[in-house]
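> Below is one structure. I have some questions about it.
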Amino acid sequence: AVTFDTEIKCVWAFSDTEVYLAGKRNGSDAQFNRCINSGGWTCTDLLNNNNDNSNQDLEDVWGDSSNVYFLGKRGRLFIFDHTLSGNADPANAANWTEETACKDLAADSDFKDLWGDGAGNVYLTGKGKSSGNQATVWKYDGSTCSVMYETTTQDKMDGGIYGSTATGEIYAGGKAGLI
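In this text, residue positions in the sequence shown follow our numbering: the first is 0, and each later residue adds one.
Put into structure tokens, the structure is as follows:
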């Protein structure tokens, strides 16, 4: 077992020996960890103070064979290049990008969950504050962010998101049974 002085909010496992965690350290600073098990767990703080990570509420983490995505509540999407992780220092800022397309599109929104289809599209859920607190699903395609779905009533998509790459269907859950 590994213990942290961090509030862990989300976990994503690349394999049974490589796990990514996100949370808050000391009540305010974001912390992203990559934990490797090779006879015992060791963890690396991926940000290592290379990005402005202060006062970030991290909400979710998801990854595919190339990237690991960390979602901040205000739409900050941190992308870690997983293909470099075996060959480069994962705490090096050069392995990170921060995508702001969704943050710029929905500046005052509350983002909650993310899921990707493995083909470069990442789907984000939350509450679109600039649109009247409506439950919203956004799609990030690797360069731009767009609204895929928005309710006509005040609600919040905070029950998770998942999809099927085989059928192309995406499911997101919200309050009061909204799917």
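Glycine included, each C-beta is placed from N, C-alpha and C at the ideal position. Being a predicted model, the structure only gives us computed values, none of them experimental.
How big is the Cα-Cα spacing for Asp44 and Arg33?
Using only the alpha carbons, I get a separation of about 7 Å.
> Does the Cβ of Thr150 have 16 or more other Cβ atoms within 10 Å, making it buried, or fewer, making it exposed?
Burial call: buried.
> In its own chain, which residues sit with a C-beta less than 7 Å from the C-beta of Asp63, not counting the 5 before and 5 after it?
So the qualifying residues of the chain are Gly115, Gly117.
> Pick out whichever of Lys111, Leu57, Ala100, Trp40 has its Cα sitting closest to the Cα of Gly22.
Checked all of Lys111, Leu57, Ala100, Trp40; the closest Cα to Gly22 is Leu57.
> Give, in chain order, every unbroken run of the beta strand (DSSP E) that is at least 3 residues long and sits entirely within the region 115-150.
DSSP runs (the beta strand (DSSP E)) wholly in the region 115-150: 121-127, 133-139.
> Tell me, to the nearest whole angstrom, how far the beta carbon of Gly162 is from that of Ile169; I am working on the premise that it is less than 8 Å.
Confirmed, Cβ separation roughly 4 Å.
> Secondary structure at Asp103, three-state DSSP: helix, strand or coil?
In the structure shown, Asp103 sits in a helix (DSSP, three-state: H, G or I).
> Tell me which same chain residues have a C-beta within less than 6 Å of the C-beta of Gln133, skipping the five on either side of it?
Cβ neighbours of Gln133 beyond the five flanking positions: Gly127, Glu149, Thr150.
> Do you know offhand how far Gly119's Cα is from Ala106's?
So the alpha carbons of these two residues sit roughly 23 Å apart.
> Tell me which same chain residues have a C-beta within less than 6 Å of the C-beta of Val121, skipping the five on either side of it?
Contacts found: Tyr68, Leu113, Gly115, Tyr139.
> Would you identify the three-state DSSP class for Thr166, choosing helix, strand or coil?
In this structure, Thr166 counts as coil in the three-state DSSP scheme.
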